[in-house]
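**Q** First the structure, then my questions, so here it is.
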Amino acid sequence: MRGIPRPKQTRPPKPRPIDPAEVVAPDEWFARRGWEPFAFQREAWAAYRAGENGLVHASTGTGKTYAALLGPVLEALEEGTSIAGAPGSPGPPPLRVLWVTPLRALSADTALSLDAPLRPLGLNWDVGTRTADTPSAARTRQQKRLPSVLVTTPESLSLLLTYPDAREKFAGLRCVVCDEWHELFGSKRGVLAELALARLRTFAPALRTWGLSATLGNLDAALAALVGAVGTGRVVRGHVPKPITVDAVLPPRVERFPWAGHLGLSLLPQVVAAIDEGRTALLFTNTRAACEQWYQALLDARPDWAGAVALHHGSIDRKTRDWVEDGLRAGTLRCVVCTSTLDLGVDFAPVDRVLQVGSPKGVARLLQRAGRSGHRPGETSRVTCVPTHTFELIEVAAARTAAGAGAVEGRDPVSKPLDVLAQHCVSSALAGGFRAADLLAEVRTAHAYRDLSDAEWAWVLDFVTRGGEALKAYPDYRRVGVSDGLYAVTDARLARRHRLSIGTITSEASVLVRYLRGPKIGTVDESFAARLKPGDRFAFAGRTLEFVKLYEMTVWVRLARGEANTRPRWSGSRMSLSGELAAAVRAELDVAARGAFAGPEMRAVRPVLDVQARWSRVPRAGEVLVERLATRDGHHLFLYPFEGRLVHEGVAALAAYRLSRRRPQTFTLAANDYGFELVSPDPFELDADTLKALLAPTGMTDDVLESLNAAELAKRQFREVARVAGLVNPGLPHAGRTAKQLQASSGLFYDVFREYDPDNLLLWQARREVLDRQFEATRLRRALERIADSRLVVTAPPRPTPFAFPLLVERMRESVSSETLADRVRKMAAALERRADAE
Amino acid sequence: MTAELEVCGERLVPRPDRSLFWPGPGALLIADPHFGKADAFRAAGVPVPGDSAVPLARLAAALDATAAVRLIVLGDFWHSRDGRTDRVAADLAAWRAARPNLRIELVRGNHDRAGPPPDGWGGWVTEVAEPPFRFAHFPDPSDAGYTLAGHLHPGVVLGRERLRLPCFWFGPRVGVLPAFGDFTGAARVPARRGDRVFAVAGSAMVDLSMR
Chain A
1 MRGIPRPKQT RPPKPRPIDP AEVVAPDEWF ARRGWEPFAF QREAWAAYRA
51 GENGLVHAST GTGKTYAALL GPVLEALEEG TSIAGAPGSP GPPPLRVLWV
101 TPLRALSADT ALSLDAPLRP LGLNWDVGTR TADTPSAART RQQKRLPSVL
151 VTTPESLSLL LTYPDAREKF AGLRCVVCDE WHELFGSKRG VLAELALARL
201 RTFAPALRTW GLSATLGNLD AALAALVGAV GTGRVVRGHV PKPITVDAVL
251 PPRVERFPWA GHLGLSLLPQ VVAAIDEGRT ALLFTNTRAA CEQWYQALLD
301 ARPDWAGAVA LHHGSIDRKT RDWVEDGLRA GTLRCVVCTS TLDLGVDFAP
351 VDRVLQVGSP KGVARLLQRA GRSGHRPGET SRVTCVPTHT FELIEVAAAR
401 TAAGAGAVEG RDPVSKPLDV LAQHCVSSAL AGGFRAADLL AEVRTAHAYR
451 DLSDAEWAWV LDFVTRGGEA LKAYPDYRRV GVSDGLYAVT DARLARRHRL
501 SIGTITSEAS VLVRYLRGPK IGTVDESFAA RLKPGDRFAF AGRTLEFVKL
551 YEMTVWVRLA RGEANTRPRW SGSRMSLSGE LAAAVRAELD VAARGAFAGP
601 EMRAVRPVLD VQARWSRVPR AGEVLVERLA TRDGHHLFLY PFEGRLVHEG
651 VAALAAYRLS RRRPQTFTLA ANDYGFELVS PDPFELDADT LKALLAPTGM
701 TDDVLESLNA AELAKRQFRE VARVAGLVNP GLPHAGRTAK QLQASSGLFY
751 DVFREYDPDN LLLWQARREV LDRQFEATRL RRALERIADS RLVVTAPPRP
801 TPFAFPLLVE RMRESVSSET LADRVRKMAA ALERRADAE
Chain B
1 MTAELEVCGE RLVPRPDRSL FWPGPGALLI ADPHFGKADA FRAAGVPVPG
51 DSAVPLARLA AALDATAAVR LIVLGDFWHS RDGRTDRVAA DLAAWRAARP
101 NLRIELVRGN HDRAGPPPDG WGGWVTEVAE PPFRFAHFPD PSDAGYTLAG
151 HLHPGVVLGR ERLRLPCFWF GPRVGVLPAF GDFTGAARVP ARRGDRVFAV
201 AGSAMVDLSM R
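Chains as they are written, first to last, in the working numbering: chain A, 1 to 839; chain B, 1 to 211.
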């Protein structure tokens, strides 16, 4: 977010005396707004008052906020010490409630809604925010005194905890609320929050912790992470989710040989009509590039919508995004084309239609997006999927079934990341220093570190003090100093640098896009910027821009006339189908394989599955389909586990590795959400039994690590580890030459550690993260186990089947430029269609 | 595999140790050693192992292998003031003292604001013109001759795994050497058709010229 101006901060309202006559009882306050407290809200209040911790889960816009806030509010009212107008009552009390939110952009809105009931109920509490956007004047005020209710982010909280007076400032804290905990849980940011919570419980032993979450498949694990060593808590099931309708825009004619990314825009007329029906629509896309493309297409189709259609994604300048969000709230926009940036956050009441372009990839994600519409009483939430290839229709049907059955994804917890712990140790050393045994005891109360071994702890301590084994030769080196058993940071420069680098968010190196004379527009990836030549025109933020020069990490542009001739790319991993949705897709196929086609989507996709069944097979439950085929390109093996792309990449790499170990052979791999393909120029014999042996789960981890140039992947993963552990500076604004001389890429660190300190635990962590994230190792193992228990059905279709076709395209995509790809694919698809018709 | 090329009628040998040998006058060229870089990081509390002993040994081996009588450093001898520690200066002075007959020319680079060269290494020069070549830090074309320079830390990115390797990059008027220092990165270069590019892949050279 560097270089982006800080938004205006709303100053806390000036306390003015409250007229006791205005004060109402909580039920009355709700009643005046036409609300009645829900049973789950009363349950949460009572549990809080009884000293319990807990996790409230409910869908967005159903009153989770007040379920958490009113507990401490009612407590204060009963104690009577903060009653406004009470005789001799001093100013607002010190910090009582801490509200941790993952989205700093939401903090101002959250503060407003937290403030709303306080004065009417007669409390003289003040509400403030503390995020990276907080201006220095407010920071200075907060240095003297924190407000009674503070809204903050995990990063800003960790930063506040590095100041030596933190213990005193947080001593009166009664309640921490972690908002959108499902966003934090299962990430390193969540672990950062867990460590902060552990620290807060040391400062304020009577502290109660509450979390607010959307529906998750593993709420118990989310609760465990939230409460840490306290161990117990209550899961409060919130208001029954609003009814949700999932449907799809059906293409007038279904392509029997679908390939990704091609169908979407052909449904533009139907999408325009859907937008036209409602008041305000959100059109979600899975990538920023698609977002730009759809925005342009909508405007081309309906020039009269200029000014009423807007664009919202993570690379667009914050100010512009704020403007779009205001427009959504005010109801002045007809449609906003957006990415996951609008998944979370406060409700935009006018939104009454949500469209999803491409596969939603997960059930929870689709529900979350659907929940962005229909906030008026009596309205249902509805999401309409716009398939970008035929098979996504199956995913829509599957998602509807899964949502109906409550099969929602969980998130895998992160286990003891040592980079976060290293950062926490330095932070703790700043906060007046720590004693090793005390900090270890505290850290182990955080759920993520409950199994931290003595050896791992010793390694991290050594790493933050001496720099670890590699720096044995440099006895002068110190990051954290030890004196009389107290670990502390004494160097002021070092302290400053650490505070600036707190956090776990790493983003791809990005450069600013800015008009030669004028404002910032947003950011693009550095790799895209590096490829631009003067005169290149690209579409960005809904405009066509001409590249002028790249200078000082800024792409300088001017408004261009004419069509764009290149398109910005943002890296970011392509999402993979979730386990729940994948299972639901397999179930839909099983039904179809038995000849039943229920629902409009499955009926629409029937011609495709008919060809698939005629040429090969549609797999039933308990079967895994394998197709063998020889073409001019070579000898193909297609395998369709229907487990999601990341898992398939792992299975494919494993199969290729084990095959080539038997006999040296080169394979080309391609994978998508449904299966994978291995191609070799030479024939290879494989019967079902051999194939099963090849995909056995035994020895999976070692073979996967061996099979892919694991070192290269781990090196890339090390970027994040190095940043969190404090090796690599985030780009600091205005840090000047000194900071520039301290910039080195994480790859360099990786190489230098591998050479001098191969046992560095951070290297091992990078490798583990590659397994977990790149290959979803847990899911990979489960997939292999399922394959082992399934019947492999091997067919030899006469030509590429509808299942195989997208994989052929996927592989070609690697080798040809996109234009010639489109032409080649069209020709191939036409040829296959003719064959299918001829039969 | 060894590589070589002809530039302006002169034979040049890019070496996998990231030095360039010019057999004519027996000169070995290196660019951007950034001595003391790891030390600068350590001074700022960032734990980076490594010191000048390794690159100095590599340089000595290159001189021995080529029997070069001259060493030309194309700038950024130092990394920064913080990294110019007594220990580094002493290592460099001792290395020099062991090779009294080696002729050394140091072109000054932008990082060399850090301070004067170590004892025995002489002083900075802005550039050296020695037809048909011109030795400089910044890779700008010049009428004074074919420029051999550093500054860019050129590299290539290969394959799906985006393997990043340092490289030598020879264009029509300017040739750029990879950074000699250990703890230095590589920036992808915009090579054009006709350019000669040699990547350093471990102990081998790979010719990636765009023909």
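Glycine residues also receive a C-beta, built at the ideal position from the N, C-alpha and C atoms.
According to DSSP, what are the bridge partners of C335 (chain A)?
**A** Paired residues: A:A281 and A:V309.
**Q** With a cut-off of 9 Å, does the C-beta of V148 (chain A) fall near any C-beta of chain B?
**A** Sequence check: residue 148 (chain A) is Ser here, not Val. Not closer than 9 Å to any Cβ of chain B, the Cβ of S148 (chain A) fails to qualify, so no.
**Q** Checking 9 Å against the spacing of the C-beta atoms, do M553 (chain A) and V524 (chain A) come in under that value?
**A** Cβ atoms of M553 (chain A) and V524 (chain A): not closer than 9 Å.
**Q** Contact between the stretch 317-334 of chain A and the stretch 266-274 of chain A: three or more CB pairs below 8 Å?
**A** Contact fails: fewer than three Cβ-Cβ distances are below 8 Å.
**Q** Indicate whether at least one CB of chain A lies closer than 9 Å to the CB of F183 (chain B).
**A** With 9 Å as the cut-off, F183 (chain B) counts as an interface residue toward chain A.
**Q** So, L629 (chain A) versus R799 (chain A), is the Cβ gap smaller than 9 Å?
**A** Against a cut-off of 9 Å, the Cβ pair of R799 (chain A) and L629 (chain A) comes out as a contact.
**Q** Measure the C-alpha to C-alpha separation of G432 (chain A) and Y487 (chain A) and round it to an integer number of angstroms.
**A** For G432 (chain A) and Y487 (chain A), the distance between alpha carbons rounds to 9 Å.
**Q** Restricting to Cα atoms, I'd like to know which of B:I104, B:A3 and B:G50 is closest to R87 (chain B).
**A** Cα-wise, what sits closest to R87 (chain B) is B:G50.
**Q** What residues of chain B sit near L494 (chain A), judged by a beta carbon separation below 9 Å?
**A** Within 9 Å Cβ-Cβ: A44 and G45.
**Q** Can you tell me which residues form a DSSP beta bridge with H57 (chain A)?
**A** Note: H57 (chain A) sits in a beta bridge opposite A:S213 and A:R237.
**Q** Any C-beta of chain A sitting closer than 9 Å to the C-beta of R192 (chain B)?
**A** So, not an interface residue.
**Q** Are F135 (chain B) and G109 (chain B) touching if we call contact CB-CB under 9 Å?
**A** No, the Cβ-Cβ distance between F135 (chain B) and G109 (chain B) is not below 9 Å.
**Q** Might you give, ordered along the chain, the residues of its own chain that have their beta carbon closer than 8 Å to the beta carbon of M602 (chain A), omitting 5 neighbours on each side?
**A** Same-chain partners within the cutoff: L393, I394, A397, E588, V591 and A592.
**Q** Entirely within the stretch 507-553 of chain A and at least 3 residues each: give me those beta strand (DSSP E) ranges in chain order.
**A** Counting whole runs of 3 or more residues, the stretch 507-553 of chain A contains the beta strand (DSSP E) stretches 510-515, 520-525, 537-540 and 543-551.
**Q** Under 9 Å, Cβ to Cβ, is there at least one residue of chain B near A530 (chain A)?
**A** Closer than 9 Å: yes.
**Q** At the level of alpha carbons, what is the spacing between D17 (chain B) and A656 (chain A)?
**A** One C-alpha to the other measures close to 35 Å.
**Q** From P413 (chain A) to D304 (chain A), what does the alpha carbon distance come to, in whole angstroms?
**A** Distance between the alpha carbons of P413 (chain A) and D304 (chain A) is about 48 Å.
**Q** Output the distance between the C-alpha atoms of C8 (chain B) and G75 (chain B), rounded to the nearest integer angstrom.
**A** The alpha-carbon atoms of C8 (chain B) and G75 (chain B) are separated by roughly 23 Å.
**Q** List the whole-angstrom C-beta distance separating V107 (chain B) from T147 (chain B), where the pair is believed to meet the contact cut-off of C-beta under 8 Å.
**A** Contact doesn't hold; Cβ gap of about 11 Å is too wide.
**Q** Can you check DSSP and say which residues form a bridge with R119 (chain A)?
**A** DSSP output for R119 (chain A) lists no bridge partner at all.
**Q** Tell me which same chain residues have a C-beta within less than 6 Å of the C-beta of T401 (chain A), skipping the five on either side of it?
**A** Hits under 6 Å: A584.
**Q** Is H734 (chain A) close to chain B? Criterion is C-beta to C-beta, closer than 9 Å.
**A** Here the model assigns H734 (chain A) a pLDDT of 38, short of 50, so the residue's position is not dependable, and the following value carries that caveat. No, H734 (chain A) does not count as interfacial toward chain B.
**Q** If the cut is a Cβ gap below 7 Å, which residues of chain B does R567 (chain A) touch?
**A** Within 7 Å Cβ-Cβ: nothing; R567 (chain A) doesn't reach chain B, min ~20 Å.
**Q** Under DSSP, the alpha helix (DSSP H) around P72 (chain A) begins and ends at which residues?
**A** Taken as a continuous stretch (DSSP letters only), the alpha helix (DSSP H) holding P72 (chain A) covers K64 to E79.
**Q** Quick one: which chain B residues come within Cβ less than 9 Å of R479 (chain A)?
**A** Within chain B, the residues near R479 (chain A) are G45, V46 and P47.
**Q** Would you call T209 (chain A) buried or exposed, if buried means 16 or more other Cβ atoms sit within 10 Å of its Cβ?
**A** Classification of T209 (chain A): buried, given that the 10 Å Cβ count is 16 or more.
**Q** Give the straight-line distance between the Cα atoms of L366 (chain A) and L216 (chain A), rounded to the nearest whole angstrom.
**A** One C-alpha to the other measures close to 13 Å.
**Q** Since R58 (chain B) meets chain A, which of its residues come closer than 9 Å, beta carbon to beta carbon?
**A** Within chain A, no residue comes near R58 (chain B); the closest Cβ sits about 13 Å away, beyond 9 Å.
**Q** Using the beta-carbon count (16 or more within 10 Å), is R11 (chain A) buried or exposed?
**A** With a pLDDT of 49 at R11 (chain A), under the threshold of 50, the predicted position of this residue should be treated as unreliable, though the coordinate-derived value follows. Exposed is the call here.
**Q** Quick one: is D207 (chain B) near chain A, going by C-beta distance under 9 Å?
**A** No, its Cβ sits nowhere closer than 9 Å to a Cβ of chain A.
**Q** In chain order, what residues of the same chain lie with their CB nearer than 6 Å to the CB of V651 (chain A), ignoring the 5 residues before and after it?
**A** Taken in chain order, the list of residues that qualify is empty.
**Q** Can you name the start and end residues of the beta strand (DSSP E) that I30 (chain B) belongs to?
**A** Segment A27 to I30, the beta strand (DSSP E) holding I30 (chain B).
**Q** Roughly how many angstroms lie between the CA atoms of E776 (chain A) and R782 (chain A), to the nearest whole one?
**A** Each residue's alpha carbon lies about 10 Å from the other.
**Q** Using the Cβ count rule (16 or more neighbours within 10 Å means buried), how would you classify A171 (chain A)?
**A** Exposed, because fewer than 16 other Cβ atoms sit within 10 Å of the Cβ of A171 (chain A).
**Q** Leaving out the 5 sequence neighbours to the left and right, which residues in its chain are closer than 8 Å to M1 (chain A) when beta-carbon positions are compared?
**A** In this predicted model, M1 (chain A) has a pLDDT of only 32, less than 50, meaning its place in the structure is not dependable; the value taken from the coordinates is given anyway. Around M1 (chain A): A132 and R318.
**Q** Please go through the same chain and pick out, in chain order, the residues whose beta-carbon is closer than 6 Å to the beta-carbon of G358 (chain A), but skip the five residues on each side of it.
**A** Taken in chain order, the residues that qualify are N286 and T388.
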